[in-house]
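Numbering (mature numbering (1 follows the signal peptide of the UniProt record, and there is no 0)), first residue to last: -20 to -1, 1 to 161.
Below, the structure is given as structure tokens:
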């Protein structure tokens, strides 16, 4: 409860407690009901730093709070649900960093290439995801901003279009398949 209260103060909302507890927020009036995520999954949170113009994604609520309080990030919600440990059919979603940019990839080969040739440092496994469409999953789209040097991930196609048309991002494809938020 204390974490939820602190989070609510930091985020300026009282709806954080559902996220902090790892539960899906209820659908609002007029919205379609979102299926309950499978047992064992956790939220994959999205943050944005308006100063550095970079995104951060994590399953750790403690990292969310630290990033908001200490690094100037703004909470943008959850892009969906992922597994914190390997389950049949899933693969590692590797987290790498170069400067302020975080790259998330489900490809071992891309991870090695990014480390050896693009200056990225390995930060660990962010989550476990599906490399191809599985029952109940949705696409997690990946975009790249060549000037800001920022990778952006979203499950919302209209956000992909908006980011390309108005914000200078380039579409890089589907990063992985996750469960809807």
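In this text, a Cβ means the ideal position worked out from N, Cα and C, and glycines have one as well.
message = The alpha helix (DSSP H) that contains residue 47, what's its start and end?
response = Residue range 41 to 51 is occupied by the alpha helix (DSSP H) that includes residue 47.
task = May I have the straight-line CA-CA distance separating residue 74 from residue 86, to the nearest angstrom?
result = Cα to Cα, the separation comes out at about 6 Å.
ask   = With DSSP run on the structure shown, which of helix, strand or coil describes residue 159?
value = In the three-state reduction of the DSSP assignment, residue 159 falls in the strand class, which pools E and B.
message = So, for residue 68: in the same chain, excluding its five sequence neighbours on each side, which residues have a beta-carbon less than 6 Å away from its beta-carbon?
response = Taken in chain order, the list of residues that qualify is empty.
request  = Below 7 Å CB to CB, which residues in the same chain sit around residue 53 once its five sequence neighbours on both sides are set aside?
outcome  = The beta carbon of residue 53 lies closer than 7 Å to those of 27, 28, 29, 36 and 47 in the same chain, with the five residues before and after it left out.
Pick from 64, 44 and 62 that is closest to residue 55, judged by C-alpha positions = Out of 64, 44 and 62, 44 has the C-alpha closest to the C-alpha of residue 55.
query = Of all the options 80, 92, 90 and 116, which has the alpha carbon lying nearest to the alpha carbon of residue 60?
reply = For the residues 80, 92, 90 and 116, the minimum Cα distance to residue 60 belongs to 116.
inquiry  = Nearest by alpha-carbon distance to residue 66: which of 16, 21 and 41 is it?
reply    = Restricting attention to 16, 21 and 41, the CA atom closest to the CA of residue 66 is found in 21.
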